[in-house]
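Here the structure is laid out as structure tokens; the discussion comes afterwards.
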Amino acid sequence: MNIIKPRDVQTILINEDTTLVRSRTWDRLKFEIEYARQRGTTANSYLIQGDKIALLDPPGESFTNIFLSNLQSRLDLTKLDYVILGHSNPNRMATLKELLKIAPQVTIVCSNPAAINLRAAFEGQKLQILVVKGEEDLDLGQGHNLQFTLTPNPRYPDSICTYDPRTKILYTDKLFSAHVCGDQVFDEGFSVFEDDRRYYFDCVIAPQARQVESALDRLKDFEVEVYAPAHGPLVKYALQTLTQEYRQWIKQQQTQDLQVALIYASAYGNTATVGQAIARGITKSGVRVETIDSEIVEPGEIQAIVEKSDGFVIGSPTLGGHAPTPIQTALGLVLSTANKAKLAGVFGSYGWSGEAIDLIEGKLKDAGFSLGFDTIRVKFKPTEVTLQTCEEAGTDFAQALKKAKKTRTSRQSGLGNQGDRTEQAVGRIVGSLCVVTTTQGDVSGAMLASWVSQATFTPPGLTLAVAKDRAIESMMYPGGQFVLNILAQGNHLGLMKHFLKPFNPGEDRFAGVSTEKAENGCPILTDGLAYVECSVLNRMECGDHWVIYAEVNNGKLLSDGLTAVHQRKSGSHY
1 MNIIKPRDVQ
11 TILINEDTTL
21 VRSRTWDRLK
31 FEIEYARQRG
41 TTANSYLIQG
51 DKIALLDPPG
61 ESFTNIFLSN
71 LQSRLDLTKL
81 DYVILGHSNP
91 NRMATLKELL
101 KIAPQVTIVC
111 SNPAAINLRA
121 AFEGQKLQIL
131 VVKGEEDLDL
141 GQGHNLQFTL
151 TPNPRYPDSI
161 CTYDPRTKIL
171 YTDKLFSAHV
181 CGDQVFDEGF
191 SVFEDDRRYY
201 FDCVIAPQAR
211 QVESALDRLK
221 DFEVEVYAPA
231 HGPLVKYALQ
241 TLTQEYRQWI
251 KQQQTQDLQV
261 ALIYASAYGN
271 TATVGQAIAR
281 GITKSGVRVE
291 TIDSEIVEPG
301 EIQAIVEKSD
311 GFVIGSPTLG
321 GHAPTPIQTA
331 LGLVLSTANK
341 AKLAGVFGSY
351 GWSGEAIDLI
361 EGKLKDAGFS
371 LGFDTIRVKF
381 KPTEVTLQTC
391 EEAGTDFAQA
401 LKKAKKTRTS
411 RQSGLGNQGD
421 RTEQAVGRIV
431 GSLCVVTTTQ
441 GDVSGAMLAS
451 WVSQATFTPP
461 GLTLAVAKDR
471 AIESMMYPGG
481 QFVLNILAQG
491 NHLGLMKHFL
501 KPFNPGEDRF
511 AGVSTEKAEN
521 GCPILTDGLA
531 YVECSVLNRM
541 ECGDHWVIYA
551 EVNNGKLLSD
561 GLTAVHQRKS
571 GSHY
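The opening residue of the sequence shown carries number 1 in UniProt numbering; numbering runs sequentially from there.
Written out as structure tokens, the structure is:
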């Protein structure tokens with residue numbers, strides 16, 4: 001039986017004069033795609049007390065009351081001098097408003113884009129704001145001479161990082177974060193956090209890899225002993241390893257052959273969330289995404305990125321029945337300069353009407369562009385199911401680009417589908433035909449699989465290869481559950497054809513298929529030969545696939561017979 005833990009605040013002295021005030025929840029806090037692992041999260045705030053006192057990164061409104069209550073029990077807030085914002089968002093504004101009621105003397109330290117957001121949120125209220133314009137510092141006394149570095153990217157254009165030379169702590173905001181909740185403060189045994197950190201990178205960082213690489217370059221000269229991120233454990237033991245991994249993961253993104261420009265504007269964050277899910281589907285399929293926030297990127301840069309991209313996706317909210325002016329400008333640039341052979345996509349969110357989405361779709365179709373997925377329209381906040389649909393749409397978009405490129409390459413080379421001897425030899429490795437089924441919350445998935453093998457006797461375990469662009473991939477992390485349904489020779493064609501067909505994003509994979517619920521909650525195909533219930537224990541990145549190792553927890557033979565086997569002619573495809 002799962003015990004739901006309440007939200008709380010963990011307060012720990014992490015260095016001289018420096019306290020971590022960590023707001024924690026074991027629940028899924030939001031529906032943004034980076035929370036999909038459902039491992040809870042922490043909102044990390046930091047208190048530095050020199051001759052003057054600074055609070056870094058107060059949490060969002062989900063923690064406002066418990067955070068301020070905890071802070072007041074430890075500090076006279078009328079003596080707080082500064083609040084430093086790694087970035088601003090509407091959630092954090094709610095906590096700031098309550099804090100400033102108690103401590104109106106506070107000076108807020110932030111970037112210029114954040115200052116603009118603050119003045120809009122506190123319209124008519126006098127604020128004391130210290131704007132960081134470059135590599136500046138703020139002396140708190142006793143050696144805490146804080147140094148600021150602007151680290152903007154399209155998702156967080158107001159981002160700054162803060163370095164304290166006294167403690168050698170670099171406060172990294174979103175960089176090096178992970179959504180995972182627990183009692184551990186630092187990252188001893190850091191390998192247990194590797195999947196969480198990689199998943200966060202893939203969801204949040206990968207779509208803006210170019211800008212993050214520039215940020216890392218600006219931060220590399222600091223003598224750092226600890227990364228203090230906005231979420232998850234502090235990075236001390238994996239400092240060098242994680243830095244190198246970020247560089248490696250960024251290089252993987254930058255060296256992809258295909259690129260998609262994702263252009264958006266977002267009034268309340270919902271359109272950005274939908275775009276993030278689409279970007280996740282594109283990047284995990286081996287296609288680079290260049291994210292463009294149309295409200296901060298100059299028209300000339302938008303045009304240049306679109307021209308060098310193989311496809312583009314445009315997302316917009318609807319405000320007063322129209323698209324925001326920056327999106328209208330970006331759309332005009334696309335219509336006037338983009339090659340009509342480029343694949344396009346449209347998405348957006350709205351409250352009462354969605355005219356902006358319809359307008360963009362209509363203009364692109366009238367201009368002769370083909371759409372890589374059905375236009376996505378989200379009313380109010382996206383749900384978990386909606387975001388899974390968006391991720392699948394991104395995957396379909398990337399696969400269409402790769403297919404088009406493969407066709408062009410084959411025509412140019414004249415090689416067609418001829419495989420060399422090595423490919424033919426690899427193709428003679430056979431595997432049993434199975435269907436992997438899984439459920440996570442309201443989201444379910446399935447895929448036909450033949451790259452399956454028993455791996456261990458004790459405990460009974462198996463390995464399974466999952467292509468990075470499979471929709472089910474995001475549900476196959478350690479802690480996840482699935483059922484491996486083994487198909488019967490002579491009775492497998494119906495199920496094989498059903499799960500081989502292309503599914504539209506969000507389409508029910510089990511419509512018309514006879515199923516039962518396994519003990520782990522995942523679907524059992526009752527027309528199969530046998531099934532085993534499995535728990536994912538580990539995964540390893542191997543080229544264009546993830547190799548999953550899972551422990552078998554339960555199983556049953558459903559009928560007598562032989563296992564269906566998949567024969568291939570080439571090792572270059574299934």
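Yeah, the Cβ is synthetic: ideal placement off N, Cα and C, and Gly gets one too. If you're wondering where the values come from, they're calculated on a predicted model, not measured in any experiment.
For TRP249, the secondary structure class from DSSP, reduced to helix, strand or coil, is helix. Contact between SER159 and PRO152 holds, since their C-beta atoms are separated by about 5 Å, short of 8 Å. A straight line joining the alpha-carbon of PHE122 with that of PRO233 spans about 32 Å. In the three-state scheme derived from DSSP, where H, G and I count as helix and E and B as strand, ILE292 is classed as strand. Looking at the backbone, the Cα of GLN328 and that of GLY300 are separated by about 14 Å.
Rounded to whole angstroms, the Cβ separation of LEU495 and LEU487 is 6 Å, and the two are in contact under 8 Å.
ILE524 is bridged by DSSP to GLU516.
A contact is defined here as three or more CB-CB pairs under 8 Å, and the segment 228-244 fails this definition with respect to the segment 333-349. Relative to the Cα of SER177, the nearest Cα in the group THR64, GLU34, ALA393 and GLN276 belongs to GLU34. Between PRO460 and ARG539, the CB-CB gap reaches or exceeds 8 Å.
With a threshold of 16 other beta carbon atoms within 10 Å, ILE282 meets it and is buried. DSSP places ASP173 in the uninterrupted beta strand (DSSP E) bounded by 169-173. In the structure shown, LEU557 falls within a strand segment according to DSSP collapsed to helix, strand and coil. The beta carbons of PRO207 and THR291 sit closer together than 8 Å. Residue environment for ASP293: buried (at least 16 other C-beta atoms within 10 angstroms of its C-beta). For VAL385, the CB contacts under 8 Å within the same chain, skipping 5 residues up- and downstream, are ASP442, VAL443 and GLY506 in chain order.
In this structure, DSSP gives ILE108 an extended state, which the three-state scheme calls strand. Between the alpha carbons of ALA94 and GLU61 lies a distance of about 5 Å.
In terms of Cα proximity to VAL536, the closest of CYS390, ASP195, GLU135 and TYR200 is ASP195. In this structure, the CA atom of LEU319 is about 8 Å from the CA atom of TYR350. Here PRO229 carries a strand assignment [DSSP, helix/strand/coil].
DSSP lists no beta-bridge partner residue for TRP26. Residue range 530-542 is occupied by the beta strand (DSSP E) that includes GLU533, with no alpha helix (DSSP H) assigned at that position. Judged by pairs of C-beta atoms under 8 Å, the segment 308-323 touches the segment 356-369, as three or more such pairs exist. Cβ neighbours of GLY372 within its own chain (closer than 6 Å, five residues either side excluded): LEU343, GLY345, PHE397 and ALA400. Counting other Cβ atoms within 10 Å of its Cβ, SER45 reaches 16 or more and is therefore classed as buried.
The three-state secondary structure of ALA564, taken from DSSP, is coil. Counting only runs that start and end inside the segment 372-436, the alpha helix (DSSP H) elements of at least 4 residues fall at 384-413 and 421-427. Residue pairing from DSSP places TYR549 in a beta bridge opposite THR463 and ASN538.
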